[in-house]
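Comments concern the structure below.
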Ligand code: PLP
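Residue numbers (my numbering): 33 to 314.
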């Protein structure tokens, strides 16, 4: 049975529609220009994981783009409706909010539920090979350039998808973006985390990366479990010197980096703990 679902949120009413139905006009600024924001969360056995964190970030992304966003309580009902259609196993739930149709509507709000891509489960289990790719921007540029939408989860992910295709063409599974001045930024769809001498590190938000909900949960739980946590301006050399490196995100959880720019690396046996702390185990 097709487990894909689509729900539309229109003036406070949430409706499940035929997954094959057209929910965006060809004039909608979402598909036309990538002018909108989105969120992706994991559904496990009919329940969406950390929905509040995703809704907070959706509201923040919309505000930073000057987008109208429906009340969060309406989004929460849409999430519940989609999640409860998937009682078994895991699925990916995506929220999309666009600027709507110029002169006609100020937004379009849609949610989808889809099966996990087969490689997600495999990457959780066996880890991933990663290559570093430049984003060509100085690390401090986006903090002072709001038009570059640092920290916003906007729909225009064509560059992020191209980076992943390029990584695969190089024989890797995923990429990590590096700034012009050699600082670690983030993956195209993930936050980078590394461990060194009992402390977990991740880059600071000031460099314009997306605030990751998985990284935030991991660090809160790591603090409680007595592990150190730090926001650190890292370099590729820090990753090579680390005890373990992971790409973390809502649907994949934590995938251990087993090779970086062609050099194999270990995880010091930490991956089960990191996965446990992200709440997404294999
Ligand atoms: N950074 C980017 C650019 C992303 O697209 C994502 C998720 O897709 C993340 C980080 C991780 O965010 P989260 O842990 O909230 O899924």
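Glycine included, every Cβ here is placed at the ideal spot set by N, Cα and C.
Neighbourhood of residue i by C-beta distance below 7 Å, restricted to the same chain and skipping five residues each side
{"i": "residue 290", "result": "159, 160, 161, 296, 297"}
{"i": "residue 321", "result": "For residue 321 there is no data in the structure shown, the boundaries of the chain being 33 and 314."}
{"i": "residue 262", "result": "231, 233"}
{"i": "residue 80", "result": "73, 111, 115, 125"}
Beta strand (DSSP E) segment containing residue i, residue limits
{"i": "residue 233", "result": "231-234"}
{"i": "residue 262", "result": "260-263"}
{"i": "residue 279", "result": "276-281"}
{"i": "residue 128", "result": "122-130"}
{"i": "residue 271", "result": "Where residue 271 is concerned, there is no enclosing beta strand (DSSP E), although the alpha helix (DSSP H) it sits in stretches over 268-273."}
{"i": "residue 212", "result": "That residue, residue 212, is in no beta strand (DSSP E); it is neither H nor E in DSSP."}
{"i": "residue 228", "result": "223-228"}
{"i": "residue 50", "result": "Looking at the DSSP string, residue 50 is not in any beta strand (DSSP E), and its letter there is neither H nor E."}
{"i": "residue 39", "result": "37-42"}
Beta-carbon spacing of residue i, residue j below 7 Å
{"i": "residue 87", "j": "residue 107", "result": "yes"}
{"i": "residue 237", "j": "residue 254", "result": "no"}
{"i": "residue 123", "j": "residue 90", "result": "no"}
{"i": "residue 75", "j": "residue 283", "result": "no"}
{"i": "residue 68", "j": "residue 131", "result": "yes"}
{"i": "residue 39", "j": "residue 129", "result": "no"}
{"i": "residue 207", "j": "residue 194", "result": "no"}
{"i": "residue 279", "j": "residue 219", "result": "yes"}
{"i": "residue 212", "j": "residue 169", "result": "yes"}
{"i": "residue 320", "j": "residue 244", "result": "Residue 320 lies beyond the residue range present for the chain, which begins at 33 and ends at 314; the question has no answer from this structure."}
{"i": "residue 187", "j": "residue 70", "result": "yes"}
{"i": "residue 57", "j": "residue 185", "result": "no"}
{"i": "residue 46", "j": "residue 113", "result": "yes"}
{"i": "residue 100", "j": "residue 50", "result": "no"}
{"i": "residue 209", "j": "residue 180", "result": "no"}
{"i": "residue 102", "j": "residue 41", "result": "yes"}
For residue i, three-class secondary structure by DSSP
{"i": "residue 167", "result": "coil"}
{"i": "residue 111", "result": "helix"}
{"i": "residue 147", "result": "strand"}
{"i": "residue 84", "result": "helix"}
{"i": "residue 241", "result": "coil"}
{"i": "residue 154", "result": "helix"}
{"i": "residue 181", "result": "coil"}
{"i": "residue 288", "result": "strand"}
{"i": "residue 56", "result": "coil"}
{"i": "residue 296", "result": "strand"}
{"i": "residue 70", "result": "strand"}
{"i": "residue 174", "result": "helix"}
{"i": "residue 313", "result": "coil"}
{"i": "residue 89", "result": "helix"}
{"i": "residue 77", "result": "coil"}
{"i": "residue 206", "result": "strand"}
{"i": "residue 119", "result": "coil"}
{"i": "residue 254", "result": "helix"}
Residue range of the unbroken alpha helix (DSSP H) whose run includes residue i
{"i": "residue 304", "result": "303-310"}
{"i": "residue 137", "result": "Premise fails: residue 137 is in no alpha helix (DSSP H) and is neither H nor E."}
{"i": "residue 193", "result": "190-201"}
{"i": "residue 62", "result": "61-65"}
Own chain residues within Cβ distance below 6 Å of residue i, not counting five before or after
{"i": "residue 277", "result": "226, 271, 289"}
{"i": "residue 215", "result": "171, 265"}
{"i": "residue 313", "result": "307"}
{"i": "residue 309", "result": "250, 253, 254"}
{"i": "residue 199", "result": "163, 206, 207"}
{"i": "residue 53", "result": "none"}
{"i": "residue 268", "result": "164"}
{"i": "residue 246", "result": "280, 281, 282, 310"}
7 Å Cβ cutoff, residue i in contact with chain B
{"i": "residue 72", "result": "No chain B appears in the structure shown, which is made up of a single protein chain."}
Integer-rounded CB distance, given that residue j should sit under 8 Å from residue i
{"i": "residue 55", "j": "residue 142", "result": "5 Å"}
{"i": "residue 281", "j": "residue 221", "result": "6 Å"}
{"i": "residue 35", "j": "residue 147", "result": "5 Å"}
Own chain partners of residue i with C-beta closer than 8 Å, once the 5 adjacent residues on each side are dropped
{"i": "residue 119", "result": "77, 78"}
{"i": "residue 300", "result": "227, 275, 276"}
{"i": "residue 116", "result": "78"}
{"i": "residue 61", "result": "67, 68, 130, 131, 132, 133, 134"}
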